[in-house]
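Enquirer: Quick one: structure below, then a few questions.
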Amino acid sequence: MTSASALVPLWDRGAEWDRRLAMVREARAFLYLSTFYIEHDPYGLGMLTELVAAQRRGVAVNLLIDGFGQRLGGVLMSAPHRAALAAMLDELRRCGATVTTYDPAYRVQRWLGGGQHVKIQVSEAGEAIFGSSNLSRSSFEGWNEYSVALRGPVVRTLLESYRDIGGTVTESHLDRLSQVVEPAGADLVLDYWLCNPNRSQGVAGPLGWRGPNAVTTNLIDRIATARRSIAITSFYFKPVEPLLAALLDAAGRGVQVEVFHSHREALPATDLAWIAAAAHYHRLLQAGVRVFENRHGEHSKIVLIDEEWAAFGSYNFEHAAHDRLAEAMLTSDDARATRPAAEIFAELRRHSDNMLVTAATLAHLPARLAVRRRLFGPFKRWM
58 MTSASALVPL
68 WDRGAEWDRR
78 LAMVREARAF
88 LYLSTFYIEH
98 DPYGLGMLTE
108 LVAAQRRGVA
118 VNLLIDGFGQ
128 RLGGVLMSAP
138 HRAALAAMLD
148 ELRRCGATVT
158 TYDPAYRVQR
168 WLGGGQHVKI
178 QVSEAGEAIF
188 GSSNLSRSSF
198 EGWNEYSVAL
208 RGPVVRTLLE
218 SYRDIGGTVT
228 ESHLDRLSQV
238 VEPAGADLVL
248 DYWLCNPNRS
258 QGVAGPLGWR
268 GPNAVTTNLI
278 DRIATARRSI
288 AITSFYFKPV
298 EPLLAALLDA
308 AGRGVQVEVF
318 HSHREALPAT
328 DLAWIAAAAH
338 YHRLLQAGVR
348 VFENRHGEHS
358 KIVLIDEEWA
368 AFGSYNFEHA
378 AHDRLAEAML
388 TSDDARATRP
398 AAEIFAELRR
408 HSDNMLVTAA
418 TLAHLPARLA
428 VRRRLFGPFK
438 RWM
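Below, the structure written as structure tokens:
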């Protein structure tokens with residue numbers, strides 16, 4: 058367990074971006090930032106420009122990028138854009154910053170998309186930003202995202218975990234965070250769940266790996282306690298079978314289960330992630346689960362149970378989050394954490410972007426898409 062003295066919800070895209078830039082610009086001693094990937098766009102380039110400026114004025118900048126995530130994001134960039142982005146990262150290194158690309162130890166892990174998906178930003182001022190956003194236009198102008206700004210002991214907890222996701226941390230920086238005084242105290246109790254499955258796998262990587270994954274297990278245990286309602290956001294909802302079974306069981310005992318995830322049009326590069334999610338639509342609908350698709354993209358990761366307990370962070374409900382990617386969630390039953398989540402779900406229910414999936418929706422899928430759903434559905438673990 059850990060705690061916070063403040064938690065500021067960052068659902069508004071402009072508010073989060075402004076807060077991230079302000080932290081970098083105001084940093085005077087150190088700045089840590091982890092991301093899944095950086096896009097060659099005004100947000101990725103804008104952040105790199107600010108990090109270079111911070112390093113040049115004497116801030117110890119530490120940037121952690123996931124190798125698989127960056128390769129995946131690179132597919133959407135032109136060769137000149139990839140080269141320009143690499144040049145900016147090289148400039149950041151030349152200035153003296155620590156820039157790490159995380160790749161798991163074993164070749165099979167790298168081939169199958171192993172990596173780290175946790176997004177943490179911390180400075181010596183004693184504030185952290187933690188959530189779902191990448192450094193890309195999609196995260197700040199396209200998809201829904203959810204992050205929080207935090208102060209208090211949780212900030213040190215988050216920075217300590219930077220090592221577990223492939224980064225390096227200077228011990229004196231942790232010590233400095235411990236010395237930050239919070240006048241209001243730290244009475245907002247949080248639990249921090251983190252698992253990097255790559256660290257517990259052998260040469261076969263996720264093939265044959267049976268876990269456990271602490272985040273998945275904790276979510277299953279929490280879902281089992283639900284009495285009235287469960288609401289979930291995820292990029293594409295395609296959970297591992299034990300997690301799916303727990304939700305179906307909850308729906309079977311009368312719990313109202315709602316899932317908000319992305320429409321197939323939200324990811325123009327491919328519809329395979331949607332196909333993997335749609336493969337079990339019939340099971341969800343038959344159990345009474347309400348599934349909504351967001352046309353512009355739902356990339357937040359929030360779980361709200363009985364409107365009394367919330368979790369938020371980087372964990373998508375998908376196989377990759379269970380057996381290939383380092384993921385983390387913060388959880389709390391404090392109203393300061395649950396109330397913003399409840400307000401977000403209330404907004405999603407009334408927003409016109411969210412379309413309810415019904416049996417009629419599936420019956421009227423274009424023929425080609427329906428065929429591809431049947432053909433590729435059995436391979437959803439890898440999509």
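Each residue of the sequence shown is one higher than the one before, starting from 58 at the first, in the working numbering.
Backbone N, C-alpha and C fix where the C-beta goes; we use that ideal spot for every residue, glycine too.
Given the structure is predicted, the values throughout are model-derived calculations rather than measurements.
Under 7 Å between the Cβ atoms of Gly188 and Ser60?
Expert: Not closer than 7 Å, so no.
Enquirer: Okay, do the region 416-435 and the region 386-400 touch, 3+ Cβ pairs below 8 Å being the bar?
Expert: No, they do not touch.
Enquirer: Measure the C-alpha to C-alpha separation of Phe436 and Ala206 and round it to an integer number of angstroms.
Expert: Each residue's Cα considered, the two are about 37 Å apart.
Enquirer: Determine the closest residue to Pro66 out of Glu96, Leu142, Glu202, with distance taken between C-alpha atoms.
Expert: Taking only the C-alpha atoms, the option nearest Pro66 is Glu202.
Enquirer: Under 8 Å by Cβ, that's how I've got Val292 and Val316 pegged, so tell me the actual separation to the nearest angstrom.
Expert: Going by the sequence as given, residue 292 is Phe instead of Val. In fact, because the Cβ distance is near 12 Å, the residues do not count as touching under 8 Å.
Enquirer: Using a Cβ-Cβ cutoff of less than 7 Å, which residues in the same chain neighbour Ser235 once the five nearest sequence positions on both sides are dropped?
Expert: Cβ within range, chain order: Arg213.
Enquirer: Would you say Ile277 and Val360 are within 7 Å of each other, going by their C-beta atoms?
Expert: Contact: no.
Enquirer: Out of curiosity, what's the CA-to-CA distance linking Ala72 and Leu432?
Expert: Their backbone Cα atoms lie some 42 Å apart in a straight line.
Enquirer: Are the region 324-333 and the region 244-252 touching by the rule of at least three beta carbon pairs closer than 8 Å?
Expert: Output reads no: the region 244-252 does not touch the region 324-333.
Enquirer: By the DSSP assignment, the beta strand (DSSP E) with Asn201 in it spans what residues?
Expert: Segment: none, Asn201 is in no beta strand (DSSP E) and carries neither H nor E.
Enquirer: In angstroms, rounded to a whole number, what distance separates the CA positions of Val179 and Ile186?
Expert: Each residue's Cα considered, the two are about 7 Å apart.
Enquirer: Hey, is the region 379-389 in contact with the region 215-227, meaning 3+ C-beta pairs nearer than 8 Å?
Expert: Touching, per the Cβ criterion.
Enquirer: If you scan the region 212-272 from start to end, which runs of the beta strand (DSSP E) of 3 or more residues do you find wholly inside it?
Expert: For the region 212-272, whole beta strand (DSSP E) runs of length 3 or above, ordered along the chain, are 245-252.
Enquirer: Looking only at its own chain, which residues have a Cβ that is under 6 Å from the Cβ of Arg76, when we skip the five neighbours before and after it?
Expert: Within the same chain, Arg76 has close Cβ partners Ala206.
Enquirer: Does the region 149-162 come close enough to the region 222-229 that 3 or more CB-CB pairs lie under 8 Å?
Expert: Verdict: yes, contact present.
Enquirer: Assess contact between the region 112-126 and the region 85-93, defined as three or more Cβ pairs (one per stretch) separated by less than 8 Å. Is contact present?
Expert: Contact holds: three or more Cβ-Cβ distances are below 8 Å.
Enquirer: Whole angstroms are fine: how far does the CA of Ile280 sit from the CA of Gly131?
Expert: Roughly 36 Å separates the two Cα atoms.
Enquirer: Please tell me whether Gly126 and Arg381 are closer than 7 Å, where the distance is taken between their beta carbons.
Expert: No, the pair does not count as a contact, with Cβ atoms beyond the cut-off.
Enquirer: Under a Cβ-count criterion, where at least 16 other Cβ atoms within 10 Å of its own Cβ denotes burial, should His421 be classed as buried or exposed?
Expert: By the 10 Å Cβ count, His421 comes out exposed.
Enquirer: Would you kindly report the start and end of the unbroken alpha helix (DSSP H) that includes Ile332?
Expert: Ile332 -> alpha helix (DSSP H) spans 329-335.
Enquirer: What residue range does the beta strand (DSSP E) around Ala63 cover?
Expert: Note, Ala63: beta strand (DSSP E), 63-67.
Enquirer: Straight-line CA distance for Ala403 to Asn411?
Expert: If I take the Cα positions, the gap works out to 12 Å.
Enquirer: Can you list, in chain order, the residues of its chain with a C-beta nearer than 6 Å to that of Ala318? Leave out the 5 residues immediately preceding and following it.
Expert: Per the sequence presented here, residue 318 reads as His, with Ala not at that position. Only Ser291, Tyr293, Phe294, Glu355 meet the Cβ criterion.
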